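Peer 1: Mind having a look at this structure? Questions to follow.
In full-length UniProt numbering, the protein residues as written are 1 to 97.
Laid out in structure tokens, this is it:
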């Protein structure tokens, strides 16, 4: 159930709440884009994803100033449930077919 809700957020976002689809940057299969320094997400552990999203939301995580700005904007409207759902979905992802 959590992964299903996370899949919807990952693939479609939630326009009404100003949440951008994760796949718009990280790719349909979570493959990322190494040329643009966008990390792959597929098969990341849910706990790691939860901590990372929470750290972006609070401004605690800083790696690359321009990418951090994009991520902080992307996660600002996520609530705790959204973060759990996304984390469960991302952990369930597998490498692109």
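C-beta: ideal position from N, C-alpha, C; glycine also. Computed from a predicted structure; not experimentally measured.
State whether the segment 68-82 contacts the segment 39-59, with contact taken as three or more CB pairs (one from each stretch) at a distance under 8 Å.
Peer 2: Taking a contact to require three or more Cβ pairs closer than 8 Å, the segment 68-82 and the segment 39-59 qualify as touching.
Peer 1: Take residue 50 and list the residues in its own chain whose beta-carbon comes closer than 8 Å to its own, dropping the five residues that flank it on each side.
Peer 2: 83, 84, 87
Peer 1: Using a 10 Å radius around the Cβ and a threshold of 16 neighbouring Cβ atoms, would you call residue 30 buried or exposed?
Peer 2: buried
Peer 1: From the DSSP output, in three-state form, read off residue 38 for me.
Peer 2: strand
Peer 1: Taking the DSSP output, what are the residues bridged to residue 82?
Peer 2: BP columns for residue 82 are empty, so no partner.
Peer 1: Would you mind stating whether residue 27 and residue 20 have Cβ atoms separated by less than 7 Å?
Peer 2: no
Peer 1: Check residue 19 in the structure and name its three-state DSSP category.
Peer 2: strand
Peer 1: Let me make sure I understand the geometry here. Which of 9, 6, 90, 35 has the alpha-carbon closest to that of residue 67?
Peer 2: 35
Peer 1: My assumption, with CB atoms under 8 Å, is that residue 6 sits in contact with residue 90. Please give the rounded CB distance.
Peer 2: 7 Å
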